[in-house]
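Only one structure is covered here, and it is reproduced in the block below.
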Amino acid sequence: MRKIIIAGNWKMNKGLSDTREFVKELVDTISSLELKHTIPLIAPAYPFLQEALRESFGSAVQIAAQNVSLHSDGAFTGEVSATMLASLGLKYGIIGHSERRQYHEETDSDVLGKMHKLFEQKITPILCIGETLAQRDANQTAATILSQLKGCLHGVEMHSGNEIVIAYEPVWAIGTGRTATPEQAQEVHALIRKWLRDNYPSAVAENMAILYGGSVKPDNLKSLLACEDIDGGLIGGASLKVDDFVAMVKIANDSLA
Ligand code: 13P
């Protein structure tokens, strides 16, 4: 059975005390749950990663960075390297989020470069891919997804399926309240898994967690998780309230019962 990841991408929200209080409460609440294959994960802003790591230390809660520099070190003002993230003890890093692609012009080859930086530091990349509304309307969803997979994973060797996590986030569903239907999401998740099956040893496709992102909330998570190839969520808005986040961790945990 694959693990289920309930990942909160906080984007540019929450400062120091909000981060501390949220993670503390999350750790306290989930300590009474018997988590089976569910991994709760939070991606706070860079300055608060250390606080989140400290508060979650020894618990099931994992912490991720929202980005990483393409460069190793040197004169890159404002950037944060994979080495720096590893020095905090961080285990996960989000790369290729559509907001990075849209507002910072990140390309698939930038994302591939970032993936290698994370691999060098033994940080698991959470690779985001997804089509825009224009691409979906032009029947280019499958072509876009396959092109992103090829571009972001070009030459990347994988054997177990635990090397990365993939997050499928249709851009038109992010922050819009317009979730993909479970059928729409499952169709793309199945496509991603088939591509993995065609290009990697079978363990990779079978074990890899493929998350869905885009207006996920407690109300719609259960039906998404009921889909064969959906192994969790990458959640923005609904991850900012601890009660909603805990509710989603519980839904995930119960979905395996
Ligand atoms: P929302 O859940 O707010 O739509 O954001 C999704 C997302 O971009 C997570 O990375």
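When you read off a place in the sequence shown, starting at 1, and then add 521, the result is the number in the numbering used here. Using N, Cα and C, we set each Cβ at its ideal position, and we do this for glycine too.
Query                                                                                                                                                              : Result
Kindly indicate which three-state DSSP category I772 falls into: helix, strand or coil?                                                                            : helix
Enumerated in chain order, which unbroken segments of the alpha helix (DSSP H) with a length of 4 residues or greater are wholly contained in the stretch 559-595? : 570-577
Distance, Cα to Cα, L611 vs Q705?                                                                                                                                  : 33 Å
At which residue ranges does the stretch 656-703 contain complete alpha helix (DSSP H) runs of 4 or more residues, listed in the order of the chain?               : 662-673
Contact between the stretch 536-549 and the stretch 743-755 is defined here as three or more beta-carbon pairs at a separation below 8 Å; is this criterion met?   : no
Going by alpha carbons, who is nearest to I616 out of L609, S608, S630 and D594?                                                                                   : S630
Which one or two residues does DSSP pair with A607 in a beta bridge?                                                                                               : Partner(s): none; A607 has no beta bridge.
So if DSSP puts C649 in a beta bridge, which residue, or which two residues, is it bridged to?                                                                     : A688
CA-CA distance, M636 and P646?                                                                                                                                     : 6 Å
What residue range does the beta strand (DSSP E) around I525 cover?                                                                                                : I525 to N530
Once the 5 residues before and after F766 are set aside, which same chain residues still bring their CB inside 7 Å of it?                                          : G529, L547 and S760
Just confirm the distance between the C-beta atoms of G753 and A773, as a whole number of angstroms; I'd bet it's less than 8 Å.                                   : 7 Å
Could you give the DSSP three-state label for G599: helix, strand or coil?                                                                                         : coil
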